[in-house]
Structure formats: C-alpha cells, structure tokens
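Visitor:
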Amino acid sequence: MNNITLDECFQFGLGAFETIGIEKGTPILLEKHLKRLERAADFLKLGDPAVRGITAGRIEEYLEEQKKRPEVQKEFGGLEHCALKLMLTKENAVYSLRANHYTPENYEKGFTMDVSKVKRNETSPLVYHKTMNYGDCILEKRNATAAGMDERLFLNTKKQISEGTVSNVFFVRKGVIYTPKVSCGLLPGILREYLCDTEEVEETYIYVQDLKWYEECFVTNSLMGIMPVRQIGGIQFEEDKVTRELMRRYRKMVRDTANKKQTR
-4 MNNITLDECF QFGLGAFETI GIEKGTPILL EKHLKRLERA ADFLKLGDPA VRGITAGRIE
56 EYLEEQKKRP EVQKEFGGLE HCALKLMLTK ENAVYSLRAN HYTPENYEKG FTMDVSKVKR
116 NETSPLVYHK TMNYGDCILE KRNATAAGMD ERLFLNTKKQ ISEGTVSNVF FVRKGVIYTP
176 KVSCGLLPGI LREYLCDTEE VEETYIYVQD LKWYEECFVT NSLMGIMPVR QIGGIQFEED
236 KVTRELMRRY RKMVRDTANK KQTR
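Following our numbering, the numbering of the sequence shown begins with -4 at its first residue and continues without gaps.
1. How many Å lie between K80 and L32 at the Cα?
2. Beta carbon of A35, beta carbon of H96: below 7 Å?
3. Tell me, please, whether the CB atom of V46 is closer than 7 Å to any CB atom in chain D?
4. Between F71 and M144, what straight-line distance do the alpha-carbon atoms span, to the nearest angstrom?
5. Measure the CB-CB distance between T107 and Q226 and report whether it falls below 7 Å.
6. Give the range of the alpha helix (DSSP H) segment to which Q68 is assigned.
7. Note the first and the last residue of the continuous alpha helix (DSSP H) segment covering E59.
8. Hey, how far is the Cα of G10 from the Cα of R250?
9. Would you kindly work out how many angstroms separate the C-alpha atoms of T215 and H28, rounded to a whole number?
10. For the alpha helix (DSSP H) containing I185, list its first residue and its last residue.
11. How is S178 classed by DSSP in three states: helix, strand or coil?
12. Taking the straight line between their C-alpha atoms, what separation do you get for A45 and V113?
13. What are the residues that DSSP puts in a beta bridge with I230?
14. Taking C212 as the reference, give the member of T14, F165, T0 and A51 with the closest Cα.
15. To the nearest angstrom, how far is the alpha carbon of R168 from that of E234?
16. Could you check if A88 belongs to the surroundings of the ligand HEM, using beta carbon to heavy atom distance under 6 Å?
17. DSSP three-state call for R47: helix, strand or coil?
18. Taking buried to mean at least 16 other C-beta atoms within 10 Å of its own C-beta, is S157 buried or exposed?
19. With distances taken Cα to Cα, identify the nearest neighbour of L150 among S111, D2, G16 and V171.
20. Starting from K80, trace the beta strand (DSSP E) in both directions and tell me its first and last residue.
21. Express the C-alpha separation of L181 and V122 in angstroms, rounding to a whole number.
22. Relative to the C-alpha of M219, which candidate in K153, L148, Y102 and C179 has its C-alpha closest?
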C-alpha cells in the first residue's frame, strides 16, 4: 500500500506518469520511459526521479517483490503480460501494476477510429509531456468507445492531425512511413520514438483531407505496441503489408529483450 500525500497533483494535475509494458517480468524500453519521466519531472519541477526512488534497479526489485505475491500470481500470471505504472508528484512516487487488455483479436481485426471535436492545443507545453493533466484523453477515449470506436484522433487548432487519445498515429504511402510532427501538439510516445530511431519515418503535417492518399494506417503506444487501423471516419485502409512487417520486427525485439533478461 502506498502512503499518499495530498499535493499539487491532486489540486491541479501537476504530476507525471509512465505506463510500461511488462513481458515475462521484463519492462520493455525501460530506459526510454525513464528518460521521458525525467524530462516531465524537470518541466514540472518535481525533482530528479532517481533521487525520488524511481530507477531501473528499484523497478527490478519491485517487480521481483510482486512476483512473490499470490494475488499478483493469480491476476497477472507471474507478470507474463501486464503493465507497470509509475506516478511521480511533488510529494509522492508510486508504483502499481495493471492489466494489459489488448488481445490477438484486436490486432487481427484492427482499429476503427473517428475524429474528435475536441482540439489539441499545440501552444500548451503540457501536451508535450505525459502528465496527470490527462482528462481530455480519457474522456474522449470513453466517448469513442461509447460510439463504437476503438480510438479517436485529435486535430490541433490548425486542423492538422496530432495524435490519438492514447496513441500516436502513423500512415504509409508507397512504402514510406509518415507521422505528424511533434510541433503539431502531441506527446512523443515511446513507441513513436522507437520507430523513428529504427525505421525511416518522415515527420510531416497531415490533414484529414489527405487521408485518402494513404494506403495504410497504424497507431502505437507502450501497451498495444503497433496496432493496424482499418478505418478513420469514412476513410478505409485496405492494406497492411508495411504495418505487419513493423509489428513482426517490434515483437521480435520484445521477445529478445524478455529472453535476454530470463537468461542472465
């Protein structure tokens, strides 16, 4: 049980968090998550996460401790496939586990999306950090579900595509991968960063009227990995050849990371 102190996070949402995919007890892309948390902590003046007790070593200890708990074994199967959430506020550093609800059926079917009427404010520094100011995302994600959609896209004040409620978005045309520029008002996701580091990705400005020119679309986050998108509004994406190959390579990296940890 975490002892929580009421602080500015509870009053104003001035806190940061990370949600990290756990596979076979191994946190995936952990260093990237810790670096992003460090940037958000610096922006919000929360102190150094390492000094506050959030380090790779402490995370490993926490996960080993959780594996021994019967309720964790029952709910998460020994941390085979779940998520670690880190929360950092002025007075609190909190670790918790949660389920990863994405299923093989999701990837086979692919996502159906629409466009939110809520606009991303690209002039706000908050949109570029993963903070507890997350209300627009959660409410619009719930609204998308209520409307029969899997996810919803935000446009910015210039009507440029920014990001999904809980994801970054990518498009493919003639084998080239495109994604909105960070300046469009989006959170630089960990999977987005990974793909930009390991693949040829062109960052650009994309408008809804441009979508008909793309053959493929996919969204990413740290729990879903890479998810094919079949439809955004009235636009359908019939192909997924590039998306499937990216999924294959990413899943191999995840397996290799988990297996390397297991054989240490």
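Every residue, glycine too, gets a C-beta built ideally from N, C-alpha and C.
Please read these numbers as outputs of a predicted model, since none were measured by experiment.
Guide: Result, derived from the coordinates:
1. In the sequence shown, residue 80 corresponds to position 85, counting from 1. In the sequence shown, residue 32 corresponds to position 37, counting from 1. Taking the straight line joining both Cα atoms gives about 12 Å.
2. The residue labelled residue 35 in the question sits at position 40 within the sequence shown. The residue labelled residue 96 in the question sits at position 101 within the sequence shown. Contact: no.
3. Going by chain labels, chain D is absent from the structure shown, which holds only one protein chain.
4. Walking along the sequence shown from the start, residue 71 turns up at place 76. Walking along the sequence shown from the start, residue 144 turns up at place 149. Our two residues, F71 and M144, have alpha carbons roughly 27 Å apart in a direct line.
5. The residue you call residue 107 lines up with position 112 of the sequence shown. The residue you call residue 226 lines up with position 231 of the sequence shown. The Cβ atoms of T107 and Q226 sit closer than 7 Å to each other.
6. As a position in the sequence shown, residue 68 is number 73, starting the count at 1. Counting along the chain, the alpha helix (DSSP H) containing Q68 begins and ends at P65 to F71.
7. One-based indexing of the sequence shown puts residue 59 at position 64. E59 -> alpha helix (DSSP H) spans A51 to K62.
8. Counted from its first residue, the sequence shown places residue 10 at position 15. Counted from its first residue, the sequence shown places residue 250 at position 255. So the two alpha carbons sit approximately 32 Å from each other.
9. The residue you call residue 215 lines up with position 220 of the sequence shown. The residue you call residue 28 lines up with position 33 of the sequence shown. T215 and H28 have their C-alpha atoms roughly 15 Å apart.
10. One-based indexing of the sequence shown puts residue 185 at position 190. I185 -> alpha helix (DSSP H) spans I185 to T193.
11. Along the sequence shown, read from residue 1 onward, the residue named residue 178 stands at position 183. Of the three classes helix, strand and coil, the one that applies to S178 here is helix, per DSSP.
12. The residue given as residue 45 occupies position 50 in the sequence shown. The residue given as residue 113 occupies position 118 in the sequence shown. Cα-Cα distance, rounded: 36 Å.
13. Against the sequence shown, residue 230 aligns to sequence position 235. DSSP output for I230 lists I227 as bridge partner(s).
14. Working through the sequence shown from its first residue, we reach residue 212 at position 217. Residue F165 is the option with its Cα nearest to C212.
15. Sequence index remark: in the sequence shown, residue 168 carries index 173 (1-based). Sequence index remark: in the sequence shown, residue 234 carries index 239 (1-based). When the Cα atoms are used, R168 and E234 turn out to be separated by approximately 10 Å.
16. Here there are no bound small molecules, and the ligand HEM is not part of this structure.
17. Taking the sequence shown and counting its residues from 1, the one referred to as residue 47 is at position 52. Coil at R47, not helix or strand.
18. Taking the sequence shown and counting its residues from 1, the one referred to as residue 157 is at position 162. For S157, the number of other beta carbons within 10 angstroms of its own is at least 16, and it is reported as buried.
19. Here the question's residue 150 lines up with position 155 in the sequence shown. Of the listed residues, the one whose Cα sits closest to L150 is S111.
20. As a working mapping, residue 80 is identified with position 85 in the sequence shown. DSSP places K80 inside the beta strand (DSSP E), whose first and last residues are H76 to L83.
21. Numbered from 1 along the sequence shown, position 127 holds the residue referred to as residue 122. Numbered from 1 along the sequence shown, position 186 holds the residue referred to as residue 181. Between the C-alpha atoms of V122 and L181 there is a straight-line separation of about 6 Å.
22. Counted from its first residue, the sequence shown places residue 219 at position 224. For the residues K153, L148, Y102 and C179, the minimum Cα distance to M219 belongs to Y102.
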